[in-house]
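Only one structure is covered here, and it is reproduced in the block below.
Number of protein chains: 4
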Amino acid sequence: MAGSVNKVILVGNLGKDPESRSFANGGKVVSFTLATSENWNDKASGEKREKTEWHNVQIFNENIARTAEQYLKKGSKVYVEGKLQTRKWQDQSGNDKYTTEVVLERFNGTLVMLGERGERGGSSGGGGGDWNQDSAPRGNFGGGGARGGGTSGDGRPAAFDSDLDDDVPF
Amino acid sequence: MAGSVNKVILVGNLGKDPESRSFANGGKVVSFTLATSENWNDKASGEKREKTEWHNVQIFNENIARTAEQYLKKGSKVYVEGKLQTRKWQDQSGNDKYTTEVVLERFNGTLVMLGERGERGGSSGGGGGDWNQDSAPRGNFGGGGARGGGTSGDGRPAAFDSDLDDDVPF
Amino acid sequence: MAGSVNKVILVGNLGKDPESRSFANGGKVVSFTLATSENWNDKASGEKREKTEWHNVQIFNENIARTAEQYLKKGSKVYVEGKLQTRKWQDQSGNDKYTTEVVLERFNGTLVMLGERGERGGSSGGGGGDWNQDSAPRGNFGGGGARGGGTSGDGRPAAFDSDLDDDVPF
Amino acid sequence: MAGSVNKVILVGNLGKDPESRSFANGGKVVSFTLATSENWNDKASGEKREKTEWHNVQIFNENIARTAEQYLKKGSKVYVEGKLQTRKWQDQSGNDKYTTEVVLERFNGTLVMLGERGERGGSSGGGGGDWNQDSAPRGNFGGGGARGGGTSGDGRPAAFDSDLDDDVPF
DNA sequence: TTTT
DNA sequence: TTTT
Numbered sequence: 001m002a003g004s005v006n007k008v009i010l011v012g013n014l015g016k017d018p019e020s021r022s023f024a025n026g027g028k029v030v031s032f033t034l035a036t037s038e039n040w041n042d043k044a045s046g047e048k049r050e051k052t053e054w055h056n057v058q059i060f061n062e063n064i065a066r067t068a069e070q071y072l073k074k075g076s077k078v079y080v081e082g083k084l085q086t087r088k089w090q091d092q093s094g095n096d097k098y099t100t101e102v103v104l105e106r107f108n109g110t111l112v113m114l115g116e117r118g119e120r121g122g123s124s125g126g127g128g129g130d131w132n133q134d135s136a137p138r139g140n141f142g143g144g145g146a147r148g149g150g151t152s153g154d155g156r157p158a159a160f161d162s163d164l165d166d167d168v169p170f
Numbered sequence: 001m002a003g004s005v006n007k008v009i010l011v012g013n014l015g016k017d018p019e020s021r022s023f024a025n026g027g028k029v030v031s032f033t034l035a036t037s038e039n040w041n042d043k044a045s046g047e048k049r050e051k052t053e054w055h056n057v058q059i060f061n062e063n064i065a066r067t068a069e070q071y072l073k074k075g076s077k078v079y080v081e082g083k084l085q086t087r088k089w090q091d092q093s094g095n096d097k098y099t100t101e102v103v104l105e106r107f108n109g110t111l112v113m114l115g116e117r118g119e120r121g122g123s124s125g126g127g128g129g130d131w132n133q134d135s136a137p138r139g140n141f142g143g144g145g146a147r148g149g150g151t152s153g154d155g156r157p158a159a160f161d162s163d164l165d166d167d168v169p170f
Numbered sequence: 001m002a003g004s005v006n007k008v009i010l011v012g013n014l015g016k017d018p019e020s021r022s023f024a025n026g027g028k029v030v031s032f033t034l035a036t037s038e039n040w041n042d043k044a045s046g047e048k049r050e051k052t053e054w055h056n057v058q059i060f061n062e063n064i065a066r067t068a069e070q071y072l073k074k075g076s077k078v079y080v081e082g083k084l085q086t087r088k089w090q091d092q093s094g095n096d097k098y099t100t101e102v103v104l105e106r107f108n109g110t111l112v113m114l115g116e117r118g119e120r121g122g123s124s125g126g127g128g129g130d131w132n133q134d135s136a137p138r139g140n141f142g143g144g145g146a147r148g149g150g151t152s153g154d155g156r157p158a159a160f161d162s163d164l165d166d167d168v169p170f
Numbered sequence: 001m002a003g004s005v006n007k008v009i010l011v012g013n014l015g016k017d018p019e020s021r022s023f024a025n026g027g028k029v030v031s032f033t034l035a036t037s038e039n040w041n042d043k044a045s046g047e048k049r050e051k052t053e054w055h056n057v058q059i060f061n062e063n064i065a066r067t068a069e070q071y072l073k074k075g076s077k078v079y080v081e082g083k084l085q086t087r088k089w090q091d092q093s094g095n096d097k098y099t100t101e102v103v104l105e106r107f108n109g110t111l112v113m114l115g116e117r118g119e120r121g122g123s124s125g126g127g128g129g130d131w132n133q134d135s136a137p138r139g140n141f142g143g144g145g146a147r148g149g150g151t152s153g154d155g156r157p158a159a160f161d162s163d164l165d166d167d168v169p170f
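Chains as they are written, first to last, in the UniProt record's numbering: chain A, 1 to 170; chain B, 1 to 170; chain C, 1 to 170; chain D, 1 to 170.
See below:
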């Protein structure tokens, strides 16, 4: 039985521009690292402390991926909703490695841009300023087992293509 | 403006069997009330206290609605994820009334059954015991503005049909 | 038994400056309305459509309330996490009314400022620009029934003071 | 930088009884693995497929830890809310390893038992049946940077004690 | 290693 | 109106 929920909600800033990888089957995944930070005052020293957590986000949803490619860059602040997934891979020496990622599947996940302009140096042109359009700034896709059988998806969980599995992930 | 999130997550028990209403256009909405409770010890009296909050859940998503009709009943424990929506209506005397509901739209929302058997007395037949099937117990649908224009949805927010707007809601 | 969850997560913009109300017992509540919006393309007309939902947020947590008073204003973008609560009250004519609010209790709830500068016209002085300090921008407080009996709270659910109950809420 | 959110919400079943580890300073962490599952029908083969994700949950909150020790066992169904945290450690060969965990910090996190009785065979005594008490089944603690300086917490992020850092985690 |  |  299922009866389970696997949900991650993050608000943070991209550590670098998104990267896109294409699969042999025509699919694509867009990925980026996202920083979330905690601040507190150290009771002993009285100093301010900060700890940053880095999350690896993987977007398989086509429309959200397109949005991410077009509008997100290093420094962008986003709301991301996805699921936790741990992937096993081998490094060059053949050692088993595990990487846990926040995955926005083909029919699930949400991305909302929160309006902080990134700090990308160069290109991107005059664009980048109009991402607050209706067609772009919000992606929210869902899919699950209860779907009757329409054309809107096959419910297959997102998975790395085999060739991607060979890469070092993070 | 975009850049917003509107999400409600509830785990609670149905106060009564779900009700279904059909629209003229063939659509359907399944609704139920859901109880969430808080318990605490009153510091003054030392007595145990409990406060129950009742939520009005409205399901427009077809597959989730079907699941709710088939498997949920009074007492069922569920995880529900939807959005907050306030509806205006008039009572018999013409007074304006507002009702806030947890809405699972046509392409958004999640319902997960959590395995507490209800206590429906009668009918339901031999059924009700097999709701733990893969096709049924989980509904998770999403839709949003970033969708490019595929066949998987029109992105129109769920809305009450006009004839339903005339009814007293809760 | 409890075994329930009552959680609301919103990202949106304040519709007006926060308002503070003091209670006879020394307590305080800070409230504001928060807008969340959906955008979509109407399939029939091909026009862009937008629907805004307004949420009534009530902050009983002292530290979060102080943060809201100091740093939030009309237009500020925030992440808010609280619980759903419906309050009954009577209008001047003695009619029963119900208002559903997003409540950040004394020991529960989160507020995160998301960096959109508000559009408050006047005062606020040179301030308002430094809210991104560590001591201010994040409030996250929790409390619940499992608490053993420390000094950190009484677990009593947040409630409107009686004199507040007489007011029109929203 | 502040203005961030790091939240994980899981509903799943414990893969084994919780384990407790004590620190030199008197602290304690209770941990368990939690399974979440997805089911779908493979479009190609028409077969039912299932994929299970395993999550490593670490509870530093004292009251929630106590609840987990007393009432949770292999098979228990729970709602867990915590934050994502990746820890670096070295295996016996001195290789760097990273483990991502769902952490319920000292002043943050929620655990709600969802009523599925576990199947622990042995000990546990006559207990285990009364976990549905008000003082136990719900833990919800929060803490964050906006806290003014009361006695209710120091805001220090949960961290593994050094001796624990030497252990293989998962 | 869970659950169905 | 649920649940314990």
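All C-beta atoms, glycine included, are put in the ideal place defined by N, C-alpha and C. All values reported here derive from a predicted model rather than from experimental measurement.
Opening and closing residue of the alpha helix (DSSP H) in which C:Gln70 lies: The count along the third sequence starts at 1 and reaches residue 70 of chain C at position 70. Boundaries of the alpha helix (DSSP H) around C:Gln70: 62 to 71.
Contact check, A:Pro18 vs A:Leu104, beta carbons under 9 Å: Your numbering for residue 18 of chain A matches position 18 in the first sequence. Your numbering for residue 104 of chain A matches position 104 in the first sequence. For the 9 Å CB-CB criterion, A:Pro18 and A:Leu104 do not form a contact.
For C:Ala68 and C:Lys16, the rounded distance between their alpha carbons: Within the third sequence, residue 16 of chain C is the residue found at index 16, counting from 1. Within the third sequence, residue 68 of chain C is the residue found at index 68, counting from 1. About 12 Å.
Any chain C beta carbon closer than 9 Å to D:Tyr79: On the fourth sequence, position 79 is the one that residue 79 of chain D refers to. Taking 9 Å as the threshold, the shortest C-beta distance from D:Tyr79 to chain C falls below it.
CB contact below 9 Å: D:Asn46 versus chain B: Position 46 of the fourth sequence holds residue 46 of chain D. Reading off the sequence shown, one finds Gly at residue 46 of chain D, where the question assumed Asn. No, because no Cβ of chain B sits closer than 9 Å to the Cβ of D:Gly46.
Distance between C:Asn6 and C:Phe107 (C-alpha atoms, nearest Å): For the purposes of this step, residue 107 of chain C is identified with residue 107 of the third sequence, where counting begins at 1. For the purposes of this step, residue 6 of chain C is identified with residue 6 of the third sequence, where counting begins at 1. C:Asn6 has its alpha-carbon roughly 14 Å from the corresponding atom of C:Phe107.
Inter-residue spacing [alpha-carbon to alpha-carbon] between A:Leu84 and D:Asn56: Position 84 of the first sequence holds residue 84 of chain A. Position 56 of the fourth sequence holds residue 56 of chain D. Between the alpha carbons of A:Leu84 and D:Asn56 lies a gap of roughly 11 Å.
Per-residue burial, residue 173 of chain A [other beta carbons within 10 Å of its own, 16 or more giving buried]: Since the first residue of chain A shown is 1 and the last is 170, residue 173 of chain A is not available in this structure.
Beta-carbon gap between C:Glu38 and C:Lys51 smaller than 9 Å: Residue numbering aside, residue 38 of chain C sits at position 38 when the third sequence is read from its first letter. Residue numbering aside, residue 51 of chain C sits at position 51 when the third sequence is read from its first letter. In contact: C:Glu38 and C:Lys51 (Cβ atoms closer than 9 Å).
Cross-strand partners of A:Gln85 (DSSP beta bridge): For the purposes of this step, residue 85 of chain A is identified with residue 85 of the first sequence, where counting begins at 1. Beta bridge pairing from DSSP links A:Gln85 with A:Glu101.
Spatial distance of C:Asn95 from B:Arg87 (CA atoms): One-based indexing of the third sequence puts residue 95 of chain C at position 95. One-based indexing of the second sequence puts residue 87 of chain B at position 87. Roughly 18 Å between the two C-alpha positions.
Contact set for B:Ser22: own chain, Cβ-Cβ below 8 Å, skip 5 residues either direction: Taking the second sequence and counting its residues from 1, the one referred to as residue 22 of chain B is at position 22. So the list reads Lys28, once near-sequence residues are dropped.
Burial state of A:Lys43, where buried means 16 or more other Cβ atoms lie within 10 Å: Indexing the first sequence from 1 puts residue 43 of chain A at position 43. The residue is exposed, with fewer than 16 neighbouring Cβ atoms inside 10 Å.
Exposure label - C:Asn13; buried when at least 16 CB within 10 Å: Counted from its first residue, the third sequence places residue 13 of chain C at position 13. Buried is the call here.
Under 8 Å (Cβ pairs) to chain B, residues found in the stretch 9 to 27 of chain D: Only those residues of the stretch 9 to 27 of chain D whose C-beta falls short of 8 Å from the nearest C-beta of chain B are listed: Ile9, Val11.
Residue interval of the beta strand (DSSP E) (run including D:Leu10): The count along the fourth sequence starts at 1 and reaches residue 10 of chain D at position 10. 5 to 14 is the extent of the beta strand (DSSP E) around D:Leu10.
Distance between beta carbons of D:Gly82 and D:Val112, contact taken as under 8 Å: Position 112 of the fourth sequence, counting from 1, holds the residue named residue 112 of chain D. Position 82 of the fourth sequence, counting from 1, holds the residue named residue 82 of chain D. Actually they do not touch by this definition, with Cβ atoms about 12 Å apart.
Residue of A:Thr110, A:Asn41, A:Gln90 minimising C-alpha distance to A:Asn63: Start at 1 with the first residue of the first sequence, and residue 63 of chain A comes out as number 63. A:Asn63 has its Cα closest to that of A:Thr110, out of A:Thr110, A:Asn41, A:Gln90.
Chain D contact for B:Val57 (CB, 9 Å cutoff): Here residue 57 of chain B refers to the residue found at position 57 when the second sequence is read from its first residue. B:Val57 does not count as touching chain D.
Closer than 9 Å to chain D by CB, C:Ser31: Start at 1 with the first residue of the third sequence, and residue 31 of chain C comes out as number 31. Not closer than 9 Å to any Cβ of chain D, the Cβ of C:Ser31 fails to qualify, so no.
Under the three-state DSSP convention, the category C:Gly41 falls into: Taking the first residue of the third sequence as position 1, residue 41 of chain C is located at position 41. Looking at the sequence itself, residue 41 of chain C is Asn, so the reference to Gly does not match. DSSP, read as helix, strand or coil, puts C:Asn41 in strand.
7 Å Cβ cut-off: residues of chain D touching B:Gly75: Numbered from its first residue, the second sequence carries residue 75 of chain B at position 75. In chain order: nothing, as chain D lies at least about 12 Å away.
Nearest to D:Leu114 (by Cα), restricted to the options D:Ser4, D:Gly75, D:Trp89: In the fourth sequence, counting from the first residue as 1, residue 114 of chain D sits at position 114. Of the listed residues, the one whose Cα sits closest to D:Leu114 is D:Gly75.
Partners in chain A for C:Leu84, counting only beta-carbon separations shorter than 9 Å: Stepping through the third sequence from its first residue, residue 84 of chain C is reached at position 84. Within 9 Å Cβ-Cβ: nothing; C:Leu84 doesn't reach chain A, min ~17 Å.
Of the residues C:Gly3, C:Gly46, C:Phe32, C:Ser4, the one placed nearest C:Val80, counting alpha carbons only: Here residue 80 of chain C refers to the residue found at position 80 of the third sequence. The shortest Cα separation from C:Val80 among C:Gly3, C:Gly46, C:Phe32, C:Ser4 belongs to C:Phe32.
CA nearest to the CA of A:Gly26, picked from A:Gln90, A:Asn61, A:Thr36: Your numbering for residue 26 of chain A matches position 26 in the first sequence. Minimum Cα distance to A:Gly26 is reached at A:Asn61.
Cut-off 8 Å between Cβ atoms - residues of its own chain near A:Asn41, not counting five sequence neighbours on either side: Numbered from 1 along the first sequence, position 41 holds the residue referred to as residue 41 of chain A. Only Glu47, Lys48, Arg49 meet the Cβ criterion.
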